[in-house]
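Working notes, structure below.
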Amino acid sequence: MAEPLRQHPPRETAAELAELYGRLSRWPDVEAENLVAADAADRLLVDAVLAALAEEKDAPRIVVFGERYGAMALGLAAALRTPDEDEAGPAGRQSAGPHGPGGGPVLVVTDSQVHRSAVFQNAAREGLAELVAFEDLDGLAAALSGDPFLAVGAVPRAHAVADEWADAVARLPGCRALVLAGMVKHLSPGLNTALAESFEDVAGSRARQKARLVWCTGPRPGLPQLSFEERTVHTLDRGLRLTAVGVPGAFGASRIDPGTRVLLPLLREELASSTPPRIVDLGCGNGTVSAYAKLVDPEVSVTATDVSHAAIRSTRLTAAANGVEVKTMADDALSSWLDASEDFIVLNPPFHLGNTVTEDIAVKLFEAAARVLRPGGTLLAVWNQPLAYSGRLRRIVGPTERIGGNRKFQVTRSIKA
Ligand SMILES: C[S@@+](CC[C@H](N)C(=O)[O-])C[C@H]1O[C@@H](n2cnc3c(N)ncnc32)[C@H](O)[C@@H]1O
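Mapping the sequence shown onto our numbering, position 56 (from 1) lands on 57, and the numbers just tick up by one.
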């Protein structure tokens, strides 16, 4: 399958797609006037894939990587679906429902739980919920069961993530091509080099509205199995050895964040003095905090949660590498937790949303912790000195005191009022 000469679908399809994109919502992700649910890269990808498949009798299955709000998955599902058998076949026959391209749902592999929710809600609103299904990378082989498929996606921020996608799909029987879309400013020759490890031909398309596609064809299925896990053994306070494991896309890979390094010995002291029966590691990243808590206090029960599925995978691997048990839950800001249900939460909040520095996520996580803590419960947080979160923590959670830190980081204990 090659890049088509035309990049536009027929006028009627284009109009339907434009309406669909206009109706997509970013919720529950941050919404603002300058933030869109379908960008030029999404639209270029859908148009080019439809043009390429127009030449073919039967559409293949579709796998979508890095979906955010559903523009790619829902655009392709809507344009390529085959109608309900009742509509097409003899009257009175039991409905088999509409089918997605290639006879199955479009498979969506995406890291953030917020994006999964957004795709799910948009699909439901559009009446397309049956035509999309969420999968993890290692569930793709079973879900596709050897069917021919086309993999598409949004260029990820880290090359290692694209490298892992390309490696995974190139090994599967039936892989026709991998097509990634991104804004020109986010594409680089390094990405093509990474993709060329799994595909014979990697070529950039013409740009449209500052977006471009990368077409990868000729999968190399016989490559030696690669491991994308990164492992580092760290020596921490009092000589404690901890192995951190990171998979592509997880915060910090297998490194220990400098703020977390400051937090850990203070967490040890808190656990020694207050012995909570269980703690929640909110925004667990690679699971360093969870594994550390279990290593210093084997009695404490630890639940690690993160919006990123890569973080959850890393946390499970980190727990296993240290021989400790940690419960894990992919979730957006404790949304599955009941009010006033926990006594102790640990948090190193992020201060980036994509490429933008923002305090919104930290505030959202402080509010989540305040809702979930019982009165008298503790939020232990570390944050960069210039962010000056004390006032916010006091307002949102309750009395807050600095219990340690250095010139760069503050560690605070807030008690739920
Ligand atoms: C600064 S990292 C800290 C990671 C880890 N706790 C550590 O100390 O190394 C912040 C983490 O918060 C996660 N995060 C961001 N938004 C979140 C949300 N809405 N709900 C849960 N976790 C979130 C990120 O995916 C990231 O792993």
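Even glycine gets a Cβ: it sits at the ideal position worked out from N, Cα and C.
Worksheet item: What do you get for P157, buried or exposed, if any count of 16 or more other CB atoms within 10 angstroms of its CB means buried?
Response: buried
Worksheet item: Shortest alpha-carbon distance to S253 belongs to which of S315, S189, F200, D298?
Response: First, the residue type needs correcting, since residue 253 is Gly and not Ser in the sequence shown. Minimum Cα distance to G253 is reached at S315.
Practice prompt. Please work out which residues of its chain come closer than 6 Å, Cβ to Cβ, to V64, disregarding the five sequence neighbours upstream and downstream, and give them in chain order.
Written response: L108, F150, A152
Worksheet item: In or out: S274 buried (at least 16 other Cβ within 10 Å) or exposed?
Response: exposed
Item to complete: Could you check how far apart the C-beta atoms of G288 and A311 are, in whole angstroms? I think they sit under 8 Å.
Response: G288 to A311, Cβ: 11 Å. No contact.
Worksheet item: Using a threshold of 8 Å, is the CB atom of T304 nearer than that to any non-hydrogen atom of ligand 1?
Response: no
Worksheet item: Leaving out five residues before and five after D202 in sequence, what residues of the same chain have Cβ atoms less than 6 Å from its Cβ?
Response: T218, G219
Worksheet entry | Cβ-based neighbour list, N193, same chain, cut-off 6 Å, excluding 5 preceding and 5 following | V203
Practice prompt. May I ask which residues mark the beginning and end of the beta strand (DSSP E) holding S302?
Written response: 302 to 307
Item to complete: Within the stretch 348 to 391, note down every full beta strand (DSSP E) run reaching 3 residues or more, in order along the chain.
Response: 374 to 385
Practice prompt. Specify, as a first and last residue, the run of the beta strand (DSSP E) that V162 falls within.
Written response: Note, V162: premise wrong, no beta strand (DSSP E); alpha helix (DSSP H) at 160 to 172.
Item to complete: Buried or exposed for R82, please, with buried defined as at least 16 other CB atoms from any protein chain shown within 10 angstroms of its CB.
Response: buried
Worksheet item: Cα separation between V383 and A144?
Response: 41 Å
Practice prompt. Report the three-state DSSP secondary structure of F410 (helix, strand or coil).
Written response: strand
Discussion item. Quick check: is any heavy atom of ligand 1 less than 8 Å from the C-beta of P249?
Written reply: no
Worksheet item: Looking only at its own chain, which residues have a Cβ that is under 8 Å from the Cβ of N419, when we skip the five neighbours before and after it?
Response: Beyond the ends of the chain as shown, which are 2 and 418, falls residue 419; an answer cannot be given.
Worksheet item: Comparing the CB of S255 with every heavy atom of ligand 1, is any distance shorter than 8 Å?
Response: no
Discussion item. Looking at ligand 1, does it come within less than 8 Å of V290, judged from the CB to the closest heavy atom?
Written reply: yes
Worksheet entry | DSSP bridge partner residues for P220 (one or two, in chain order) | F200
Practice prompt. Using 8 Å as the cut-off, classify the Cβ of F252 as near or not near the heavy atoms of ligand 1, replying yes or no.
Written response: yes
Fill in: Segment contact flag, the stretch 106 to 123 with the stretch 55 to 72, C-beta cutoff 8 Å, min 3 pairs
yes
Worksheet entry | Residue range of the beta strand (DSSP E) that includes V185 | Premise fails: V185 is in no beta strand (DSSP E) and is neither H nor E.
Worksheet item: Between N35 and P278, what straight-line distance do the alpha-carbon atoms span, to the nearest angstrom?
Response: 45 Å
Fill in: Nearest-angstrom Cβ-Cβ length linking G175 and G147, presumed shorter than 8 Å
6 Å
Worksheet item: How big is the Cα-Cα spacing for D48 and V297?
Response: 54 Å
Worksheet item: Which same chain residues, not among the five before or five after L54, have their C-beta less than 6 Å away from its C-beta?
Response: A60
Item to complete: Please go through the stretch 254 to 301 and give each complete alpha helix (DSSP H) segment of 4 or more residues, from N-terminal end onward.
Response: 259 to 275, 289 to 297
Worksheet item: Which first and last residues belong to the alpha helix (DSSP H) in which R317 is found?
Response: 310 to 322
Discussion item. For G324, tell me which candidate among V347, I313, A292, D307 has the shortest Cα-Cα distance.
Written reply: A292
Fill in: Residues that DSSP places opposite M330 in a beta bridge
T306
Worksheet item: Whose C-alpha, out of E360, L227, R232, is nearest the C-alpha of R242?
Response: R232
Worksheet entry | Cα-Cα separation between K295 and V327, rounded to whole angstroms | 8 Å
Worksheet item: Which residues bound the alpha helix (DSSP H) around L138?
Response: From DSSP, L138 is part of no alpha helix (DSSP H); its letter is neither H nor E.
Worksheet item: In or out: T276 buried (at least 16 other Cβ within 10 Å) or exposed?
Response: exposed
Discussion item. Is A312 near ligand 1 - that is, is its Cβ less than 8 Å away from at least one heavy atom of it?
Written reply: yes
Worksheet item: Relative to ligand 1, is the shortest distance from any of its heavy atoms to the C-beta of P351 smaller than 8 Å?
Response: yes
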